[in-house]
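For reference, each letter of the sequence shown is one residue, going 17 to 86 in my numbering.
Heads up, the beta-carbon is just placed ideally off N, CA and C, and yes, glycines get one too.
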Amino acid sequence: MIGFSSQSGFDERKVAIEVTGFCHQELKRRGTFTLMIPYSRLNQTMKWIDRLGGRIAGIKMSSSPLMGKK
Numbered sequence: 017m018i019g020f021s022s023q024s025g026f027d028e029r030k031v032a033i034e035v036t037g038f039c040h041q042e043l044k045r046r047g048t049f050t051l052m053i054p055y056s057r058l059n060q061t062m063k064w065i066d067r068l069g070g071r072i073a074g075i076k077m078s079s080s081p082l083m084g085k086k
């Protein structure tokens with residue numbers, strides 16, 4: 017659907033992904049850390065985490081950007 021995501025505001029929403037067991041050259045292996053990404057990159061980021069051996073412990077969506085606007 018053309019224009020669906022921009023009308024719903026999903027692309028503007030932020031997603032917090034809690035990651036465990038992640039190993040990357042620039043990041044030390046830690047217990048758990050959180051990545052903040054735009055909703056539009058969620059699928060791509062989940063695949064990236066999996067390729068590098070990380071596990072997703074949790075995902076939280078930010079509140080809708082349309083809420084609170086009158």
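Less than 7 Å between the CB of residue i and some heavy atom of the ligand FMN, yes or no?
i: D66; result: Among the components of this structure there are no ligands whatsoever, and the ligand FMN is therefore not found.
Considering only residues of the same chain and omitting the five flanking positions on each side of residue i, which have a CB-CB separation below 6 Å?
i: S78; result: R29 and K30
i: A32; result: T50, M52 and K76
Assuming residue i is part of the alpha helix (DSSP H), what are its boundary residues?
i: R67; result: L58 to R67
Considering just the uninterrupted stretch of the beta strand (DSSP E) at residue i, what are its terminal residues?
i: G74; result: R71 to M77
i: E28; result: It is not in any beta strand (DSSP E) - E28 carries neither H nor E in the DSSP assignment.
Determine, for residue i, whether the minimum Cβ-Cβ distance to residues of chain D falls below 8 Å.
i: G74; result: Of the chains in the structure shown, none is chain D; there is only one protein chain.
Mind checking residue i: buried by the 16 CB within 10 Å criterion, or exposed?
i: G70; result: buried
i: I75; result: exposed
Which partner residues of residue i appear in the DSSP bridge assignment?
i: F49; result: V35
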